[in-house]
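Colleague:
Residue numbers (our numbering): 473 to 810.
(1) For residue 691, is the classification buried or exposed, using 16 other Cβ atoms within 10 angstroms of its Cβ as the cut-off for buried?
(2) Please name the residue or residues paired with residue 509 in a DSSP beta bridge.
(3) Quick check on residue 672: does DSSP put it in helix, strand or coil?
(4) So which of 694, 724, 622 has the shortest CA-CA distance to residue 664?
(5) Which whole runs of the alpha helix (DSSP H) in the stretch 549-627 are 4 residues long or more, in chain order?
(6) Using the C-alpha atoms, what's the distance from residue 541 back to residue 768?
(7) Is it the case that the stretch 682-689 contacts the stretch 735-754, given that we only count it when at least three CB pairs across the two stretches are under 8 Å?
(8) Go ahead and pull the three-state DSSP assignment for residue 483.
(9) Considering only the beta carbon of each residue, do residue 567 and residue 732 sit closer than 8 Å?
(10) Using the beta-carbon count (16 or more within 10 Å), is residue 703 buried or exposed?
(11) Whose C-beta lies closer than 6 Å to the C-beta of residue 569 among residues of the same chain, with five residues either side of it excluded?
(12) Please go through the same chain and pick out, in chain order, the residues whose beta-carbon is closer than 6 Å to the beta-carbon of residue 726, but skip the five residues on each side of it.
(13) If distances are taken between C-alpha atoms only, which option among 718, 717, 740, 509 comes closest to residue 477?
(14) For a test of the three-state rule: what should DSSP assign to residue 648, helix, strand or coil?
(15) Taking 8 Å as the cut-off, decide whether the C-beta atoms of residue 613 and residue 550 are in contact.
(16) Rounding to the nearest angstrom, what Cα-Cα distance links residue 486 and residue 519 in this structure?
(17) Residue 767 by DSSP, collapsed to three states: which one?
(18) Around the Cβ of residue 537, are there at least 16 other Cβ atoms within 10 angstroms (buried) or fewer (exposed)?
(19) Apart from the five residues on each side of it in sequence, which residues of its chain come closer than 8 Å, Cβ to Cβ, to residue 741?
(20) Nearest to residue 516 by CA position, among 535, 506, 484, is which residue?
(21) Which residue wins for smallest C-alpha separation from residue 675, given the options 543, 521, 514?
(22) Say whether the stretch 630-645 touches the stretch 665-684, bearing in mind that this needs 3 or more beta-carbon pairs closer than 8 Å, one atom from each stretch.
(23) Tell me which residue opens and which closes the alpha helix (DSSP H) that residue 663 is part of.
(24) Give me the Cα-Cα distance between residue 616 and residue 714, rounded to the nearest whole angstrom.
(25) Which residues in the same chain as residue 498 place their Cβ atom closer than 7 Å to its Cβ, once the five residues preceding and following it in sequence are excluded?
(26) Please work out which residues of its chain come closer than 8 Å, Cβ to Cβ, to residue 697, disregarding the five sequence neighbours upstream and downstream, and give them in chain order.
(27) Quick one: using the 10 Å Cβ neighbour count with 16 as the cut-off for buried, is residue 600 buried or exposed?
(28) Would you call the CB atoms of residue 709 and residue 762 closer than 8 Å?
(29) Measure the CB-CB distance between residue 785 and residue 707 and report whether it falls below 8 Å.
(30) In three-state DSSP terms, what is residue 637?
(31) Buried or exposed for residue 776, please, with buried defined as at least 16 other CB atoms from any protein chain shown within 10 angstroms of its CB.
(32) Using CA atoms only, rank isn't needed, just tell me which of 677, 580, 750 is closest to residue 694.
(33) Label residue 560 either buried or exposed according to how many other C-beta atoms from any shown protein chain fall within 10 Å of its C-beta, with 16 as the threshold for buried.
(34) For residue 531, which of helix, strand or coil comes out of DSSP?
(35) Work out the CA separation of residue 555 and residue 475 for me, nearest whole Å.
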């Protein structure tokens with residue numbers, strides 16, 4: 473359909489439609505003969521969704537990410553809702569300060585009086601809301617959205633699955649420093665704050681593909697993957713960029729990620745995703761066999777290279793040797809650079 477029909481069907485102006493195309497939110501086909509756009513019903517549905525998300529005051533950059541990675545929409549919407557919550561709290565503090573100054577203000581104030589009253593009032597500065605938002609927007613439920621997105625069902629969660637998901641968020645959501653998840657989740661929140669929107673999109677997509685690949689391996693496929701891991705490890709250790717990247721994110725992502733995936737949460741994740749047990753069984757077997765090989769005469773050279781290059785940034789003894797998987801799966805696919 474032509475653009476004037478789309479305008480009638482969606483209630484969106486021609487100017488805005490062209491703007492959304494320019495911003496990469498929409499990519500309709502164009503007629504090679506006259507250059508006019510040919511819109512589909514799917515394009516119309518996207519435009520209606522864009523309009524509704526804009527009505528929710530969601531920025532275009534976030535809408536673009538939602539359209540490109542709909543599976544991560546819960547993550548982006550949670551960021552936006554937390555941001556608005558912080559903004560509302562900030563505005564409420566400003567309103568309270570205004571009332572305090574007004575109540576103390578004489579009928580005929582001068583500038584010195586205004587200066588004195590404003591100094592006596594705890595006025596929140598612009599920087600304060602940014603700092604608060606940075607801390608609060610990334611809660612533990614959002615960390616779970618990132619880490620476990622690949623294992624959530626494509627269809628709507630059943631009531632039982634909703635119960636399991638709430639239980640996972642409850643177990644990991646404690647602000648008590650004595651919680652076994654406290655340190656790891658705080659580290660990953662720090663990691664998430666360092667990402668751009670594009671990096672986060674890439675993060676979701678590539679992790680999901682990797683999980684499904686490993687879960688689908690049969691016995692011979694696991695053995696082939698072990699050989700592939702040896703080759704990749706050698707290549708990674710020969711790259712100064714890879715070694716630097718690994719060290720940069722080791723304590724904020726790789727190590728806490730391995731510990732979380734080797735925790736008691738596994739029993740609950742299996743209830744959410746039946747194929748997670750296949751992934752878990754395969755990756756434990758793969759990493760265990762590779763770890764054993766590294767301690768043979770054939771694997772000595774590679775083990776020495778690992779120890780030399782990653783001294784202080786590697787712990788292969790725990791978490792079912794899960795850091796070996798991270799060293800391999802996040803090579804050139806890892807969307808972050810130092």
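Virtual Cβ for every residue (Gly too), placed ideally from N, Cα, C.
Modeller: Per the coordinate set shown:
(1) Mapped onto the chain shown, residue 691 falls at position 219. Per the 10 Å Cβ criterion, exposed.
(2) Translated into the one-based positions of the chain shown, residue 509 becomes position 37. Beta-bridge analysis with DSSP links residue 509 to 502.
(3) For the purposes of this step, residue 672 is taken as residue 200 along the chain shown, with counting starting at 1. Of the three classes helix, strand and coil, the one that applies to residue 672 here is helix, per DSSP.
(4) What you label residue 664 is simply residue 192 of the chain shown in a count that begins at 1. Residue 724 holds the alpha-carbon nearest to the alpha-carbon of residue 664 among 694, 724, 622.
(5) Whole alpha helix (DSSP H) segments, 4+ residues: 583-592, 598-608, 612-620.
(6) Numbered from its first residue, the chain shown carries residue 768 at position 296. Numbered from its first residue, the chain shown carries residue 541 at position 69. Using only the alpha carbons, I get a separation of about 43 Å.
(7) Touching, yes.
(8) As a first step, residue 483 is located in the chain shown; it is residue number 11 there, counting from the start. DSSP places residue 483 in the coil class of the three-state scheme, outside both helix and strand.
(9) Taking the first residue of the chain shown as position 1, residue 567 is located at position 95. Taking the first residue of the chain shown as position 1, residue 732 is located at position 260. Taking 8 Å as the Cβ cut-off, residue 567 and residue 732 do not qualify as a contacting pair.
(10) As a working mapping, residue 703 is identified with position 231 in the chain shown. If you draw a 10 Å sphere on the C-beta of residue 703, you find fewer than 16 other C-beta atoms in it, and that means exposed.
(11) Locating residue 569 in the chain shown gives position 97, counting from the first residue. Excluding sequence positions up to five before and after residue 569, its CB lies within less than 6 Å of the CB of 593, 595, all in the same chain and listed in chain order.
(12) If you number the chain shown from 1, residue 726 lands on position 254. Correct list, in chain order: 798.
(13) For the purposes of this step, residue 477 is taken as residue 5 along the chain shown, with counting starting at 1. The shortest C-alpha separation from residue 477 is found at 509.
(14) Along the chain shown, one-based indexing puts residue 648 at 176. Looking at residue 648 - three-state DSSP - the assignment turns out to be coil, as it is neither helix nor strand.
(15) Here the question's residue 613 lines up with position 141 in the chain shown. Here the question's residue 550 lines up with position 78 in the chain shown. In this structure, the beta-carbon distance from residue 613 to residue 550 falls below 8 Å.
(16) Stepping through the chain shown from its first residue, residue 486 is reached at position 14. Stepping through the chain shown from its first residue, residue 519 is reached at position 47. Taking the straight line from one Cα to the other gives about 11 Å.
(17) For this step, residue 767 is matched to residue 295 along the chain shown. Judged by DSSP in its simplified three-state form, residue 767 adopts coil rather than helix or strand.
(18) Taking the first residue of the chain shown as position 1, residue 537 is located at position 65. By the 10 Å Cβ count, residue 537 comes out buried.
(19) Locating residue 741 in the chain shown gives position 269, where the first residue counts as 1. Hits under 8 Å: 620, 623, 640, 748.
(20) The residue given as residue 516 occupies position 44 in the chain shown. With distances taken between Cα atoms, residue 516 lies closest to 484.
(21) The residue you call residue 675 lines up with position 203 of the chain shown. Distance from the Cα of residue 675 is smallest, within the candidate group 543, 521, 514, for 543.
(22) With a cut-off of 8 Å on Cβ pairs, the stretch 630-645 is not in contact with the stretch 665-684, counting fewer than three such pairs.
(23) The residue given as residue 663 occupies position 191 in the chain shown. Unbroken alpha helix (DSSP H) run through residue 663: 654-665.
(24) Here the question's residue 616 lines up with position 144 in the chain shown. Here the question's residue 714 lines up with position 242 in the chain shown. C-alpha of residue 616 to C-alpha of residue 714: approximately 26 Å in a straight line.
(25) As a working mapping, residue 498 is identified with position 26 in the chain shown. Cβ within range, chain order: 492, 515, 518, 519.
(26) Taking the chain shown and counting its residues from 1, the one referred to as residue 697 is at position 225. Once the five neighbours on either side are set aside, the close Cβ partners of residue 697 are 686, 689, 758.
(27) Within the chain shown, the letter at position 128 stands for residue 600. Reliability of the predicted coordinates at residue 600 is poor, the pLDDT of 47 falling under 50, and the value obtained from them is presented with this limitation in mind. Around the C-beta of residue 600, fewer than 16 other C-beta atoms lie within 10 Å, and the residue is accordingly described as exposed.
(28) Here residue 709 refers to the residue found at position 237 of the chain shown. Here residue 762 refers to the residue found at position 290 of the chain shown. 8 Å or more divides the Cβ of residue 709 from the Cβ of residue 762.
(29) Along the chain shown, one-based indexing puts residue 785 at 313. Along the chain shown, one-based indexing puts residue 707 at 235. No, the pair does not count as a contact, with Cβ atoms beyond the cut-off.
(30) For the purposes of this step, residue 637 is taken as residue 165 along the chain shown, with counting starting at 1. Helix at residue 637.
(31) The count along the chain shown starts at 1 and reaches residue 776 at position 304. Residue 776 should be labelled exposed.
(32) Stepping through the chain shown from its first residue, residue 694 is reached at position 222. Residue 694 has its Cα closest to that of 750, out of 677, 580, 750.
(33) Numbered from 1 along the chain shown, position 88 holds the residue referred to as residue 560. Counting C-beta atoms within 10 angstroms of its own C-beta, residue 560 has fewer than 16 neighbours from the protein chains shown and is therefore classed as exposed.
(34) Residue 531 sits at position 59 when you count from the first residue of the chain shown. In this structure, residue 531 counts as coil in the three-state DSSP scheme.
(35) By one-based count along the chain shown, residue 475 stands at place 3. By one-based count along the chain shown, residue 555 stands at place 83. The alpha-carbon atoms of residue 475 and residue 555 are separated by roughly 35 Å.
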